[in-house]
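Undergrad: Got a structure for you, questions after.
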Ligand SMILES: Cc1cc2nc3c(=O)[nH]c(=O)nc-3n(C[C@H](O)[C@H](O)[C@H](O)COP(=O)(O)O)c2cc1C
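Residue numbers (the numbering used here): 18 to 418.
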């Protein structure tokens with residue numbers, strides 16, 4: 018495959034990203050926890066879902082605009098937070114931010130990103146959201162909130178699904194630990210990916226965790242800043258009280274990312290959270306979690322029809338996004354899909370990823386007979402259609418008796 022222009026789907030972008038990256042880097046993106054059951058769970062959930070189309074609906078004019086928190090975006094998906102993206106391609110977060118602005122979709126910047134939120138805000142403006150990890154010393158998390166306020170950001174997401182670090186065996190085997198353990202085999206393998214090597218070392222090697230740099234000593238190296246971050250997060254002592262403190266400090270919209278249990282969903286909304294990101298962290302945390310898609314209907318009934326529900330984990334196709342919306346999500350986030358694009362082709366690569374998904378959403382809407390997102394719903398799901406037909410048949414039989 019030649020380059021970004023030749024990519025026709027997200028899987029093509031993944032292949033390009035894999036070719037460009039040394040194994041140690043690609044495995045960090047791709048890997049899950051333990052036996053990587055979660056990756057398969059996420060993929061299978063979408064694969065096993067069936068949409069039943071309706072025909073003779075005039076879908077000549079279709080539109081996929083989506084409104085969330087009173088703001089209308091061009092599409093019903095945004096970019097999920099992915100830490101250390103600058104290690105895969107320098108300035109990757111800035112390409113994600115720029116694309117978010119150009120395509121008019123939100124970019125939820127990672128709390129472990131290399132570029133800083135101040136840099137990203139210059140490019141993404143109102144399309145920038147920020148993601149926060151609770152820190153052992155609470156002054157860090159509250160200062161990050163303050164910086165987000167100072168920048169005029171509208172939406173903050175707190176990630177709750179990393180109470181402790183997970184067991185990512187690919188990283189342990191490859192030496193993707195801190196400090197990076199570049200063994201001879203790792204270095205030799207990296208030499209097979211010269212474009213990445215040149216980009217990485219010309220830009221100074223390990224990239225800085227931009228949002229954490231201000232908290233480190235003056236002149237601290239990227240590894241020292243990463244050390245500070247690692248000493249602060251994950252913080253297993255975080256509780257609902259810490260989320261409350263963030264809620265009190267943050268006047269904008271607050272999302273809780275990683276909610277999987279309906280009871281947690283109820284508590285979060287009861288505590289003033291504005292919306293939930295139903296997510297299993299892309300299969301990177303607890304390996305035995307169900308897919309967010311499977312939990313979505315329970316979470317929807319737990320919080321009612323009006324609470325915005327976002328979903329991520331396993332989204333690789335426009336049809337996945339449409340399926341999630343039919344299942345009850347209001348919005349979807351893409352982690353690896355857009356990161357493959359950034360890694361494979363920088364700005365052009367992210368734009369390609371977004372346009373692939375937008376095109377696929379549009380075609381699936383045309384296929385099922387939906388002119389806009391309001392027309393989507395559970396009535397397109399095979400399970401609903403089957404249940405409705407069974408109900409009718411039972412009704413008809415009962416009526417005959
Ligand atoms: C390389 C990588 C880094 C990630 N870093 C973060 C992070 O810093 N904060 C966070 O809340 N989620 C992080 N995630 C999880 C994503 O936000 C998202 O939940 C997940 O990627 C969705 O699954 P998908 O990759 O299958 O789309 C990361 C995911 C990946 C692949």
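Heads up, the beta-carbon is just placed ideally off N, CA and C, and yes, glycines get one too.
This one's a predicted model, so the numbers in the text were calculated from it and none came from an experiment.
#1: Tell me whether residue 302 counts as near ligand 1, meaning its Cβ is closer than 6 Å to at least one heavy atom of that ligand.
#2: When the distance is taken between beta carbons, is residue 251 closer than 7 Å to residue 179?
#3: For the beta strand (DSSP E) containing residue 271, name the first residue and the last one.
#4: What do you reckon, is the C-beta of residue 31 under 6 Å from a heavy atom of ligand 1?
#5: I'd like the list of long-range same chain contacts for residue 30, defined as Cβ closer than 7 Å, with 5 residues on each side in sequence excluded.
#6: Evaluate contact between the stretch 119-139 and the stretch 93-105, counting only Cβ atoms and requiring at least three cross-stretch pairs below 8 Å.
#7: Residue 327 and residue 364: beta carbons closer than 7 Å?
#8: Can you check whether the C-beta of residue 112 is within less than 7 Å of a C-beta belonging to chain B?
#9: Give the range of the alpha helix (DSSP H) segment to which residue 263 is assigned.
#10: What's the gap between the Cα of residue 291 and the Cα of residue 32?
#11: Distance check for residue 401 and residue 418, CA to CA, integer angstroms please.
#12: Give every residue of the same chain whose Cβ lies closer than 8 Å to the Cβ of residue 288, excluding the five residues on either side of it in the sequence, and list them in chain order.
#13: Throw me the rounded Cβ distance for the residue 68 and residue 385 pair, which I believe falls under 8 Å.
#14: Spell out the partners DSSP gives residue 350 in its beta bridges.
#15: What are the start and end residues of the alpha helix (DSSP H) that includes residue 14?
#16: At a threshold of 6 Å, does residue 9 count as lining ligand 1 (C-beta to nearest heavy atom)?
#17: Can you grab the Cα-Cα spacing for the pair residue 316 / residue 234, in whole Å?
#18: Using 10 angstroms around the beta-carbon of residue 80, count the other beta-carbons present and answer buried if the total reaches 16, otherwise exposed.
#19: Answer yes or no: do residue 49 and residue 300 have a C-beta to C-beta separation smaller than 7 Å?
#20: Could you compute how far the alpha carbon of residue 276 sits from the alpha carbon of residue 293?
#21: Can you tell me where the beta strand (DSSP E) holding residue 101 begins and where it ends?
#22: Is DSSP giving residue 146 helix, strand or coil here?
#23: By DSSP, does residue 125 sit in helix, in strand, or in coil?
#24: Run the proximity test for residue 152: is its beta-carbon closer than 6 Å to any non-hydrogen atom belonging to ligand 1?
#25: Rounded C-beta distance between residue 156 and residue 308? I'm assuming under 8 Å.
#26: Considering only heavy atoms of ligand 1, does any lie closer than 6 Å to the CB of residue 384?
#27: Quick check on DSSP: helix, strand or coil for residue 68?
#28: If contacts are defined as beta-carbon pairs under 8 Å, then residue 97 and residue 125 qualify, I think. What distance do you get, rounded to the angstrom?
#29: Report buried or exposed for residue 204, applying the criterion of at least 16 other Cβ atoms within 10 angstroms of its Cβ.
#30: For residue 320, I'd like the list of residues in its chain whose CB is within less than 6 Å of its CB, leaving aside the five on either flank, ordered along the chain.
TA: Judging by the given coordinates:
#1: No, Cβ of residue 302 sits at least 6 Å from all heavy atoms of ligand 1.
#2: Their beta carbons are under 7 Å apart, which means residue 179 touches residue 251 by this criterion.
#3: Per DSSP, the continuous beta strand (DSSP E) segment holding residue 271 begins and ends at 270-276.
#4: Result no, Cβ not under 6 Å from ligand 1.
#5: The beta carbon of residue 30 lies closer than 7 Å to those of 24, 357, 358, 361, 366, 369 and 370 in the same chain, with the five residues before and after it left out.
#6: Segment contact: the stretch 119-139 against the stretch 93-105, three or more CB-CB distances shorter than 8 Å; contact assigned.
#7: Cβ distance not < 7 Å, so residue 327 and residue 364 don't count as in contact.
#8: Of the protein chains in the structure, only one exists, and it is not chain B.
#9: Boundaries of the alpha helix (DSSP H) harbouring residue 263: 257-266, taken from the DSSP string.
#10: Annotation: residue 291 to residue 32 spans about 37 Å, alpha carbon to alpha carbon.
#11: For residue 418, the predicted model reports a pLDDT of 48, less than 50, meaning its position is unreliable; a value from the coordinates is still stated below. Distance between the alpha carbons of residue 418 and residue 401: 26 Å.
#12: The beta carbon of residue 288 sits closer than 8 Å to the beta carbons of 257, 260, 261 and 264 from its chain, once the five residues preceding and following it are set aside; these are given in chain order.
#13: Contact between residue 68 and residue 385 is confirmed by a C-beta separation of about 6 Å, below the 8 Å threshold.
#14: Partner(s): 95.
#15: Residue 14 lies beyond the range of the chain shown here (18 to 418); nothing can be said about it.
#16: Given that the chain is displayed from residue 18 to residue 418, the structure contains no residue 9 and the question cannot be resolved.
#17: Near 43 Å, if we compare the C-alpha coordinates of residue 234 and residue 316.
#18: Result: exposed.
#19: Cβ atoms of residue 49 and residue 300: closer than 7 Å.
#20: Whole-angstrom Cα-Cα distance: 7 Å.
#21: Unbroken run through residue 101: none, as it is neither H nor E.
#22: Secondary structure of residue 146 (DSSP, three-state): strand.
#23: Under the three-state reduction of DSSP output, residue 125 falls in the strand class.
#24: No - ligand 1 has no heavy atom lying nearer than 6 Å to the Cβ of residue 152.
#25: Incorrect: roughly 36 Å between the Cβ atoms, too far for contact.
#26: False, no ligand heavy atom lies under 6 Å from that Cβ.
#27: Of the three classes helix, strand and coil, the one that applies to residue 68 here is strand, per DSSP.
#28: Rounded, the Cβ-Cβ distance is 6 Å, consistent with contact.
#29: With fewer than 16 other Cβ atoms within 10 Å, it is exposed.
#30: Here the set comprises 282 and 286.
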